[in-house]
Amino acid sequence: MERMEGLSANAQAGAPRGEVTVDDATLFLAEFKNGALGSFEATRFANGHKNGMSFEINGSKGSLRFEFERMNELWYYSSEDPEGVQGFRLIQVTEPVHPYASAWWPAGHVIGYEHTFVHELYEFVEAIAHDRNACPDFNDGVKCSQVIEAVDLSIAEGQWIEVDSL
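Position 21 of the sequence shown, counted from 1, bears residue number 21 in the numbering used here, the numbering being contiguous throughout.
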């Protein structure tokens, strides 16, 4: 019998084993059309992370960081803050001025993972009601598939691959 812990599992001694056909980890670089660079990393084996999806955007004037496991918070840094008080500051995104927050609980009461599905459904119904395309749409999914294909091709060929060429 297997015992599941997060995204990992432990099998009993002597349990049958099969071939692993998925990647354990990946890391790739990207150059965007505007010249910005990106690095992307994913792994199934980051000890201590249960659902550690995050992103960080760094620019000449500041940085912004989001961590899914703390989805009601953003970390913001501004290089335009006065010297001596520069540093990341925590922004609670539960105030009514933040997207979607006004539809839920009073400020300071967090929303959870399940609420994100309500937001997705809301956006879909709004797109139908206002006769506009939903976002993301099928074309966005195709673009994501092209990026993954470009990464695989880049690994195989050992060179940069232009996503739009696929």
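Heads up, the beta-carbon is just placed ideally off N, CA and C, and yes, glycines get one too.
Since the model is a prediction, treat every value here as computed from it, not as a measurement.
Taking the continuous alpha helix (DSSP H) assigned at Y122, which residues delimit it? 113-129 is the span of the alpha helix (DSSP H), which, as asked, contains Y122.
Tell me the DSSP secondary structure of S165 in three-state form. DSSP places S165 in helix when its eight states are reduced to three.
Confirm, please, whether the CB-CB distance from V151 to F28 is below 8 Å. Taking 8 Å as the Cβ cut-off, F28 and V151 qualify as a contacting pair.
Q92 versus P106: straight-line alpha-carbon distance, rounded: So the alpha carbons of these two residues sit roughly 12 Å apart.
Which residues DSSP lists as bridging E199, in chain order: Because the chain here runs from 1 to 166, residue 199 falls outside it and cannot be looked at.
Buried or exposed for A11, please, with buried defined as at least 16 other CB atoms from any protein chain shown within 10 angstroms of its CB. A11 is classed as exposed because its beta carbon has fewer than 16 other beta carbons within 10 Å across all chains shown.
Integer Cβ distance of T94 from N72, believed to fall under 8 Å: The C-beta distance from T94 to N72 rounds to 6 Å, short enough to meet the 8 Å contact threshold.
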